[in-house]
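Read through the structure below, which is laid out as structure tokens, and then see the notes.
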Amino acid sequence: MIQKFQIRKKFTFLKFSSYVKFLLGYMKCSFCFFLQSSPFCTRLIYFISLSFAGLFALKTLKPKDLTNKPKDLDLFFMSASAVTVSSMSTVEMESFTDAQSWVLTFLMLIGGEVFTSMLGLQFMKVKLSRENSIDGRFISNESDVEFAISEDIIDKKRTIKCMSCLVHVVLGYLTVVNVAGSVSVLIYLTVFKQAGNLLKAKGIKLSTFSVFTTVSSFGNCGFTPANENMALFSTNSLLLLIIIPQILAGNTLYPPLLSFSIWVLKKFTRKEEYGYILQHPHDVRYKHLFSSEACVYLSMTVLGFILVQTIVFCGLEWDSEVLMGMNWYQKIVGSIFLSVNSRHAGESAVDLSKLSSAVLVLFAVMMYLPPYTSYVPITNNAETFSGESSKGTKNKDRKMENLIFSQLTYLVIFVLLICLTERESMRTDPLNFNVFNIVFEVISAYGNVGFSIGYSCKKLLKLDQTCIDASYGFVGKWSPKGKLLLIIVMIFGRLKKFNKQGGKAWKLS
Numbered sequence: 001m002i003q004k005f006q007i008r009k010k011f012t013f014l015k016f017s018s019y020v021k022f023l024l025g026y027m028k029c030s031f032c033f034f035l036q037s038s039p040f041c042t043r044l045i046y047f048i049s050l051s052f053a054g055l056f057a058l059k060t061l062k063p064k065d066l067t068n069k070p071k072d073l074d075l076f077f078m079s080a081s082a083v084t085v086s087s088m089s090t091v092e093m094e095s096f097t098d099a100q101s102w103v104l105t106f107l108m109l110i111g112g113e114v115f116t117s118m119l120g121l122q123f124m125k126v127k128l129s130r131e132n133s134i135d136g137r138f139i140s141n142e143s144d145v146e147f148a149i150s151e152d153i154i155d156k157k158r159t160i161k162c163m164s165c166l167v168h169v170v171l172g173y174l175t176v177v178n179v180a181g182s183v184s185v186l187i188y189l190t191v192f193k194q195a196g197n198l199l200k201a202k203g204i205k206l207s208t209f210s211v212f213t214t215v216s217s218f219g220n221c222g223f224t225p226a227n228e229n230m231a232l233f234s235t236n237s238l239l240l241l242i243i244i245p246q247i248l249a250g251n252t253l254y255p256p257l258l259s260f261s262i263w264v265l266k267k268f269t270r271k272e273e274y275g276y277i278l279q280h281p282h283d284v285r286y287k288h289l290f291s292s293e294a295c296v297y298l299s300m301t302v303l304g305f306i307l308v309q310t311i312v313f314c315g316l317e318w319d320s321e322v323l324m325g326m327n328w329y330q331k332i333v334g335s336i337f338l339s340v341n342s343r344h345a346g347e348s349a350v351d352l353s354k355l356s357s358a359v360l361v362l363f364a365v366m367m368y369l370p371p372y373t374s375y376v377p378i379t380n381n382a383e384t385f386s387g388e389s390s391k392g393t394k395n396k397d398r399k400m401e402n403l404i405f406s407q408l409t410y411l412v413i414f415v416l417l418i419c420l421t422e423r424e425s426m427r428t429d430p431l432n433f434n435v436f437n438i439v440f441e442v443i444s445a446y447g448n449v450g451f452s453i454g455y456s457c458k459k460l461l462k463l464d465q466t467c468i469d470a471s472y473g474f475v476g477k478w479s480p481k482g483k484l485l486l487i488i489v490m491i492f493g494r495l496k497k498f499n500k501q502g503g504k505a506w507k508l509s
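Here full-length UniProt numbering is used: the first residue of the sequence shown is 1, the next is one more, and so on.
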């Protein structure tokens with residue numbers, strides 16, 4: 001009797017285990033299918049998960065000042081800002097310990113566009129490999145069908161091979177730029193003692209600053225370990241010139257430089273995959289890979305925007321308080337540095353609150369523009385495969401995409417909501433909490449830039465002895481609801497490419 005009970009118990013347990021195993025397997029397959037069929041949800045889950053992981057890491061590590069620890073919401077904000085490479089700040093950077101700075105460095109690295117796009121390419125390669133293996137099992141006996149399917153399998157194998165090569169190229173590109181950039185910055189700080197001593201006086205390690213700033217610049221985040229950002233080195237023109245190429249290499253000039261890297265590898269290795277990638281960039285399904293003609297147009301546009309901004313900035317601010325104490329060479333380099341950072345790194349070598357309104361409006365426009373804006377429209381067939389174009393999609397999806405609001409409409413909605421949450425501050429402190437400052441902050445968060453006009457106690461209508469000027473962004477003075485809304489704006493900004501066609505059904509006439 002006891003033996004029968006034990007056998008029945010064992011059988012029930014095995015049956016239950018098989019059900020659980022089947023359920024877990026089904027959930028895993030369903031989740032994988034969901035992620036593969038919805039790139040938007042995949043990215044959304046990725047950024048939110050990393051933001052919470054960053055919060056946990058920052059909260060776990062011992063803070064620098066035990067008596068004045070940042071609030072959990074501020075830590076979450078900083079984590080989300082690093083993951084979305086937005087560099088909007090509610091905490092002074094020097095309040096973080098060295099270990100916490102390395103956590104932010106890691107978040108910026110894995111949240112950057114180059115890294116996330118490389119992950120997307122790898123997942124796409126795995127998905128295509130799985131489809132190819134399934135197709136190979138079910139080849140029909142009929143010769144015509146068999147020939148057609150086998151041709152398709154051969155094409156897929158070639159695409160998979162090219163994807164694999166491209167993943168290695170992007171990984172190498174990411175590694176080389178970050179390592180070379182970190183070493184270059186470290187050498188500069190070591191050779192030019194004056195710059196290095198500025199960091200040592202603040203208790204910032206030269207190695208930490210070098211890696212942190214390089215990863216931030218390449219990822220177009222805009223954070224630096226110093227409270228003053230790059231304004232601390234406004235007269236160190238060579239350091240600014242070292243950082244400028246890193247910013248361009250990780251964002252606006254990434255497609256041309258990636259194509260150039262592949263061309264160089266093709267010349268040296270004679271590998272046919274590199275030649276195929278250059279001749280058929282759309283087949284590899286990587287949205288950052290453009291044709292040679294598109295790369296030329298994009299490069300001209302980027303350089304044109306930098307030139308226009310530099311001319312306007314120098315023309316309006318040459319003799320202003322912002323550039324006071326600099327010689328002509330330092331002024332020009334500083335102007336170029338700001339112009340490059342407006343799209344979309346967000347590092348600043350001057351106090352933005354002291355700039356003229358015309359320059360701030362120009363920067364706001366540049367922050368709003370996508371990184372691959374071109375004078376001549378770029379047609380990239382890879383968008384079809386990355387969910388960024390309605391071409392080839394179902395009519396139902398296209399209609400839904402047209403019915404939703406445009407990106408500009410969403411920005412207006414966010415500005416309205418933030419004005420509601422901050423209405424009390426706008427009433428009592430109108431010089432700081434004015435509509436333009438809020439709009440500028442929202443556009444900066446949406447563009448994942450990080451420029452901020454900041455907050456000044458001198459602008460208070462009633463003098464407050466308890467008010468202390470801080471080096472974090474304007475959002476640092478917002479209410480908790482306002483900060484949460486801006487976190488949503490930052491995440492929305494990282495996902496804005498999935499809504500490029502939004503609002504097409506809305507006509508103004």
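Idealized CB from N, CA, C, for every residue including glycine.
Query raised in the report: Within this structure, are the beta carbons of GLN122 and VAL167 separated by less than 8 Å?
Result: Your numbering for residue 122 matches position 122 in the sequence shown. Your numbering for residue 167 matches position 167 in the sequence shown. Result yes, Cβ atoms of GLN122 and VAL167 sit closer than 8 Å.
Query raised in the report: Does the distance from the C-beta atom of MET230 to that of GLU422 stay below 8 Å?
Result: Counting from one through the sequence shown, the residue named residue 230 turns up at place 230. Counting from one through the sequence shown, the residue named residue 422 turns up at place 422. No. Outside cutoff.
Report task. Classify TYR68 as buried or exposed, calling it buried when 16 or more other Cβ atoms lie within 10 Å of its own Cβ. Result -> Your numbering for residue 68 matches position 68 in the sequence shown. Position check: residue 68 holds Asn in this sequence, whereas Tyr was assumed. The residue in question, ASN68, is exposed, as its Cβ has fewer than 16 Cβ neighbours within 10 Å.
Requested in this report: Go ahead and pull the three-state DSSP assignment for SER156.
Outcome: As a first step, residue 156 is located in the sequence shown; it is residue number 156 there, counting from the start. Looking at the sequence itself, residue 156 is Lys, so the reference to Ser does not match. Helix, per DSSP.
Query - Where HIS282 falls: helix, strand or coil (DSSP) - result: Position 282 of the sequence shown, counting from 1, holds the residue named residue 282. Helix.
Requested in this report: Give a yes or no on whether the C-beta atoms belonging to PRO255 and PHE290 are separated by under 8 Å.
Outcome: Taking the first residue of the sequence shown as 1, we reach residue 255 at position 255. Taking the first residue of the sequence shown as 1, we reach residue 290 at position 290. Cβ atoms of PRO255 and PHE290: closer than 8 Å.
**Report entry** Backbone CA spacing between ILE487 and SER89 [nearest angstrom]
**Finding:** Indexing the sequence shown from 1 puts residue 487 at position 487. Indexing the sequence shown from 1 puts residue 89 at position 89. ILE487 and SER89: Cα-Cα distance of roughly 11 Å.
Query raised in the report: Excluding the five sequence neighbours on either side, which residues of its own chain have a C-beta within less than 8 Å of the C-beta of CYS467, listed in chain order?
Result: Your numbering for residue 467 matches position 467 in the sequence shown. If we look at CYS467 and ignore the five residues flanking it on each side, its Cβ neighbours are CYS457 and LEU460.
Query - Where the alpha helix (DSSP H) through ILE110 begins and ends - result: The count along the sequence shown starts at 1 and reaches residue 110 at position 110. Per DSSP, ILE110 belongs to the alpha helix (DSSP H) from 98-111.
Query - Endpoints, alpha helix (DSSP H) assigned at THR466 - result: Here residue 466 corresponds to residue number 466 of the sequence shown, with the count starting at 1. No alpha helix (DSSP H) holds THR466; DSSP gives it neither H nor E.
**Report entry** GLU441, enclosing alpha helix (DSSP H) - first and last residue
**Finding:** Here residue 441 is taken as the residue at index 441 of the sequence shown, counted from 1. Here the alpha helix (DSSP H) through GLU441 covers 435-446.
**Report entry** Segment contact, 8 Å Cβ cut-off, at least three pairs: the stretch 324-343 with the stretch 433-446
**Finding:** They do not touch, by the three-pair rule.
Report task. Let me know the alpha helix (DSSP H) ranges lying completely inside the stretch 169-212, each 4 residues or longer, listed in chain order. Result -> If we require 4 residues or more, the alpha helix (DSSP H) runs fully inside the stretch 169-212 come out as 193-201.
Query - Simplified DSSP state of SER452, which is helix, strand or coil - result: Here residue 452 is taken as the residue at index 452 of the sequence shown, counted from 1. Here SER452 sits in coil by DSSP.
Query raised in the report: Between the beta-carbon of VAL312 and the beta-carbon of THR252, is there less than 8 Å?
Result: Position 312 of the sequence shown, counted from the start, is the residue given in the question as residue 312. Position 252 of the sequence shown, counted from the start, is the residue given in the question as residue 252. THR252 sits away from VAL312, with the two beta carbons spaced by 8 Å or more.
Query - Check whether LEU316 and ALA358 have beta carbons under 8 Å apart - result: As a position in the sequence shown, residue 316 is number 316, starting the count at 1. As a position in the sequence shown, residue 358 is number 358, starting the count at 1. Cβ atoms of LEU316 and ALA358: closer than 8 Å.
Query raised in the report: So, CYS162 versus VAL284, is the Cβ gap smaller than 8 Å?
Result: In the sequence shown, counting from the first residue as 1, residue 162 sits at position 162. In the sequence shown, counting from the first residue as 1, residue 284 sits at position 284. In contact: CYS162 and VAL284 (Cβ atoms closer than 8 Å).
Requested in this report: Under 8 Å by Cβ, that's how I've got GLY450 and SER87 pegged, so tell me the actual separation to the nearest angstrom.
Outcome: Within the sequence shown, the letter at position 450 stands for residue 450. Within the sequence shown, the letter at position 87 stands for residue 87. About 3 Å; that satisfies the 8 Å criterion.
**Report entry** Contacts around PRO480, its chain only, beta-carbon distance under 6 Å, and the 5 residues preceding and following it disregarded
**Finding:** As a position in the sequence shown, residue 480 is number 480, starting the count at 1. The residues are LEU73.
Query raised in the report: If you follow the alpha helix (DSSP H) that GLY315 is part of, which residue opens it and which one closes it?
Result: Along the sequence shown, one-based indexing puts residue 315 at 315. Residues 292-317.
Query - Sequence-distant residues of its chain with Cβ nearer than 8 Å to GLY196 (five each side left out) - result: Within the sequence shown, residue 196 is the residue found at index 196, counting from 1. Closer than 8 Å at Cβ, skipping near neighbours: LEU189, THR190 and LEU206.
**Report entry** Buried versus exposed, by CB contacts within 10 Å (16 or more), SER292
**Finding:** Walking along the sequence shown from the start, residue 292 turns up at place 292. Exposed, since its Cβ has fewer than 16 Cβ neighbours within 10 Å.
Report task. Leaving aside the five residues before and after HIS288 along the sequence, list all residues of the same chain whose C-beta is less than 7 Å from its C-beta, in chain order. Result -> Taking the sequence shown and counting its residues from 1, one reaches residue 288 at position 288. Once the five neighbours on either side are set aside, the close Cβ partners of HIS288 are SER117, TYR254, PRO255 and LEU258.
**Report entry** VAL91 versus SER79, ASP98 and TRP102, residue with shortest Cα-Cα distance
**Finding:** As a first step, residue 91 must be located in the sequence shown, where it is residue number 91. Per the Cα distances, SER79.
Report task. Locate the alpha helix (DSSP H) running through ASN341, then write down its first and last residues. Result -> For the purposes of this step, residue 341 is taken as residue 341 along the sequence shown, with counting starting at 1. It spans 328-341 - the alpha helix (DSSP H) in which ASN341 sits, taken as one unbroken run.
Query - Residue range of the unbroken alpha helix (DSSP H) whose run includes ALA226 - result: Counted from its first residue, the sequence shown places residue 226 at position 226. Run containing ALA226: none; DSSP gives neither H nor E here.
Query raised in the report: Among SER216, TYR455 and ASN227, which has the Cα closest to the Cα of LEU431?
Result: Within the sequence shown, numbered from 1, the residue matching residue 431 stands at position 431. Nearest C-alpha to LEU431: TYR455.
**Report entry** Nearest-angstrom Cβ-Cβ length linking ILE262 and TYR276, presumed shorter than 8 Å
**Finding:** The residue labelled residue 262 in the question sits at position 262 within the sequence shown. The residue labelled residue 276 in the question sits at position 276 within the sequence shown. In this structure ILE262 is not in contact with TYR276, their Cβ atoms being roughly 10 Å apart against a cut-off of 8 Å.
Query raised in the report: Can the beta-carbon of SER101 be found less than 8 Å from the beta-carbon of PHE212?
Result: As a first step, residue 101 is located in the sequence shown; it is residue number 101 there, counting from the start. As a first step, residue 212 is located in the sequence shown; it is residue number 212 there, counting from the start. For SER101 and PHE212, yes; Cβs fall inside 8 Å.
Query - Collapsed DSSP secondary structure at ARG270 in the structure displayed - result: On the sequence shown, position 270 is the one that residue 270 refers to. ARG270 falls in the coil class under three-state DSSP.
Query raised in the report: What do you reckon, are the CB atoms on PHE474 and ILE443 nearer than 8 Å?
Result: As a position in the sequence shown, residue 474 is number 474, starting the count at 1. As a position in the sequence shown, residue 443 is number 443, starting the count at 1. No, these two residues do not count as a Cβ contact at 8 Å.
**Report entry** CB of VAL215 within 8 Å of CB of LEU109, strictly
**Finding:** Stepping through the sequence shown from its first residue, residue 215 is reached at position 215. Stepping through the sequence shown from its first residue, residue 109 is reached at position 109. Judged by their CB atoms, VAL215 and LEU109 are nearer to each other than the 8 Å cut-off.
Query raised in the report: Considering only the beta carbon of each residue, do VAL83 and SER38 sit closer than 8 Å?
Result: Taking the first residue of the sequence shown as position 1, residue 83 is located at position 83. Taking the first residue of the sequence shown as position 1, residue 38 is located at position 38. No, the pair does not count as a contact, with Cβ atoms beyond the cut-off.
Query raised in the report: So, using beta-carbon positions, are SER182 and ILE242 closer together than 8 Å?
Result: For the purposes of this step, residue 182 is taken as the residue at position 182 of the sequence shown. For the purposes of this step, residue 242 is taken as the residue at position 242 of the sequence shown. No Cβ-Cβ contact shorter than 8 Å links SER182 with ILE242.
Query raised in the report: What are the boundary residues of the alpha helix (DSSP H) that includes ASP72?
Result: Taking the first residue of the sequence shown as position 1, residue 72 is located at position 72. Per DSSP, ASP72 belongs to the alpha helix (DSSP H) from 72-83.
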